[in-house]
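Per my numbering, residue 383 is the first one in the sequence shown, and the count goes up by one each step.
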Amino acid sequence: MNKKLSSVFISGSLILIAWLGSIFGLSRLGFDLLMTVAAIIAGLPVLKEAWNRLRVRQFSIPLLVSIAAIGALWIGETWEAAAVTFLYILGGFLENLTLSKTRTALRELIDQAPKTARVKQGEEIIIVSPDMVKPGDIVVVLPGDRVPVDGTVTNGQAVVDTAAITGEPLPLEVAVGTTVLGGSVSQSGYLEVKALRVGADTTFNRLIYMVAEAQEQKPQAQRFLDRFARWYTPTVIGTAILVYLFTKDIRLSLTFLVIGCPGALVVAAPVATVAGLGHAARQGILIKGGERLERIGKVDVVAFDKTGTLTQGKPEVATVISFDSEEPKQVVALAATAELRSEHHLAQAILTYAREQDVEPLPAIDWKLEPGLGAVAETKEGEILVGNRRLLATHGVILTADNEAQVVAREALGETVALVALAGKPVGLLGITDRIRPEAERLVPALQKAGIQQTVMLTGDNQAAAKLVGEQLGVDEIRAGLVPADKVAALKEVQAKGHTVAMVGDGINDAPALATADISIAMGVTGTQVAIETADITLMTDRLLNIPYAIGLSRQILRVIRQNVVLAVAVVLFLLGGVITGHIYLASGMLIHEASLLLVIANGMRLLKPKNIFREE
């Protein structure tokens, strides 16, 4: 960057001195000498770049500029040669300067990475690099410290700022049992955090990696323009030669080379893409690559999981019912035993309730999860089943009419029912509730305003509970009692009708559906690692209204790309017309060309702070 700046400054100064000198009586020889030196200083970096690309058989824009400058010097047009090379390196310098600003999201993230960690060893606290922290270590976080790991608070309480990870401006209060993310900043209080994910596995470091990866991925429009540039340059050179052969006008041929530079066309897509992705990252919306942008912009149907997506993902056991003489606590113990190895939201609710009631799980020999159905544990007392009706049915467990009536009664109240069976006999149920997210009621209207035609709920929950939530939120279609394969089939059915579908989910059981959808969106805070890694978009704040915002932003990015392409093509056509009519020459053509390049960049940079994107507050 410094070398480019020096070349720009020196060559520009020489050009200015030459013109001022000509006004005050500088000889033609002196004028030409200064312009030649300016052309050489500005042209050498251009020529070097052109040569390096030729060595790998790549015809490039620098090659066009180099040929034009050398030709201008050959015919004695020193001012034209100096102007062409100076304007090109000036444009390149400004282009790099402005493009670098579009990558601030990644740099800001890297700058905010924790530099040290306070690890507690007995009564002693040692300061180490975050990379040296191991899972299970106790990390001390003081006011002003950045949390170096993802972990669980084991002691203390504090107020932490998570804006770097989630984009959420409001600080959070954390206490014992709360999960904290690496990269969060403690504003006040004292924390001891048990490390769960360390080093490259932390949410913060994964975020850095995914943002970097996303910025390197190109949308389809950009890939097309890259291919276009590869054959466009030799075509321009060939056409310029033909122009000279037919007209014998070397000046016209050189001018044709300059105006043929597709510089603005080449940067039309990347500047908009990088700026838009950077802005999204700062809002807590991680879009994994420019390729996804086209697909997001075409989405017209959005499908949702229910639990943990439309609801808060913090279910609580509200009801425990025993079907026979078993004590309710025994039902809880059996349920906790089967769910001991599960990460599902409902499983965690059952385990939390068991701990609150001082109920210990039974000793088990083996565990098995059945996605979309429930969990199974093998014990000395027999096989324990915890899940929905389909789980019990697949294992040959039959509910009595009275059992079924009690299940229906709980479902009518909007509870998710977890049935419990032991040794082939139903023994009870747990009714679980999960509050709807506060912003969920505004989601469907927001999606409609963003251009979404249809919303669908795909849930493994019972029909009554799903209907209660779906109708409250205004969801167009509700499909309940689904296993992962059913969700996949439902999405394929919608896609077969010609729709582009986005799927929003958070759990392991959502991963197949997320992979099937045209665009997959994961809830990054409450979501599982599998869902997050599978998804095209991760909402780091779990803020549902970021979904219509992401759709609106992607469509604005695509609009800006189209605007840039139209502008770049229009300028080339304008310049061609000017050359043919004799109104545009070498220097003026290059000036207009560079002006169009900067205009395209400026248009793309609007996406750093986009306006007129729908976001319901």
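Positions of the beta carbon are idealized from the N, C-alpha and C atoms, including for glycine. As the structure is a computational prediction, the values presented were derived from the model and not from experiment.
- The distance from the Cβ of Thr689 to that of Asp543 is about 29 Å, inconsistent with a contact at the 8 Å cut-off.
- Pairwise C-beta distances place the stretch 418 to 429 in contact with the stretch 388 to 395, as three or more of them are shorter than 8 Å.
- For Val501, the enclosing beta strand (DSSP E) begins and ends at Ala499 to Gln503.
- Taking the Cα of Gln945 as reference, the smallest distance to any Cα among Ser978, Gly971 and Pro930 is reached at Ser978.
- If you ignore the 5 residues before and after Thr561, its C-beta comes within less than 6 Å of the C-beta of Thr534, all in its own chain and listed in chain order.
- A residue is called buried once 16 or more other Cβ atoms fall within 10 Å of its Cβ, and Leu402, having fewer, is exposed.
- Close CB contacts of Val947 within its chain, under the 7 Å cut and outside five residues either way in sequence, are with Leu647 and Ala650 (chain order).
- With respect to the 8 Å criterion, Ala720 and Ala759 are classified as neighbours on the basis of their beta carbons.
- A direct Cα-Cα distance of roughly 8 Å separates Ala904 from Met885.
- With a threshold of 16 other beta carbon atoms within 10 Å, Asp784 falls short and is exposed.
- By alpha-carbon distance to Phe468, the top candidate from Gly458, Trp456 and Ala451 is Ala451.
- In the DSSP assignment, Pro808 falls within the unbroken beta strand (DSSP E) covering Lys807 to Thr815.
- Less than 8 Å separates the beta-carbon of Arg819 from that of Thr693.
- Residue nearest to Ser404 within the set Trp461, Val447 and Arg435 is Trp461 (criterion: CA-CA distance).
- For Gln539, DSSP records a beta bridge to Tyr572.
- Separation of Arg772 and Leu755 (C-alpha to C-alpha, rounded to the nearest whole angstrom) is 6 Å.
- Counting along the chain, the unbroken alpha helix (DSSP H) around Gln945 starts and ends at Asn928 to Thr963.
- According to the DSSP assignment, Ala450 belongs to the alpha helix (DSSP H) that extends over Ile443 to Trp456.
- A residue is called buried when at least 16 other Cβ atoms come within 10 angstroms of its Cβ; Val447 meets this threshold and is buried.
- Taking C-beta atoms as the reference points, Ala736 and Pro743 count as a pair closer than 8 Å.
- Taking 8 Å as the cut-off, the Cβ atoms of Leu921 and Gly666 count as close.
- Counting of Cβ neighbours within 10 angstroms places Asn434 among the exposed residues, the total staying below 16.
- In the three-state reduction of the DSSP assignment, Val510 falls in the strand class, which pools E and B.
- Between Gly986 and Ala622, the C-beta spacing is not below 8 Å.
- Rounded to the nearest whole angstrom, the CA to CA distance from Ala848 to Ser902 is 21 Å.
- Excluding residues up to 5 positions away in sequence, Leu755 and Gly756 lie with their Cβ nearer than 6 Å to the Cβ of Gly769 in the same chain.
- Straight-line spacing of the CA atoms in Val466 and Val618 works out to 17 Å.
- Looking at Asp532, Asn587 and Thr536, the one whose alpha-carbon comes closest to that of Arg579 is Asp532.
- In this structure, the straight-line span from the alpha carbon of Pro992 to that of Ile641 is close to 31 Å.
- Nearest C-alpha to Pro496 among Lys502, Asp527, Trp613 and Gly620: Asp527.
- With a minimum length of 3 residues, the unbroken runs of beta strand (DSSP E) contained wholly in the stretch 620 to 681 fall at 667 to 669.
- In the three-state reduction of the DSSP assignment, Val390 falls in the helix class.
- For Tyr967, the number of other beta carbons within 10 angstroms of its own is at least 16, and it is reported as buried.
- Here Asp706 is exposed: its Cβ has fewer than 16 other Cβ atoms, across all protein chains shown, within 10 Å.
- Between the stretch 794 to 811 and the stretch 696 to 706 there are three or more C-beta pairs closer than 8 Å, enough to call the two in contact.
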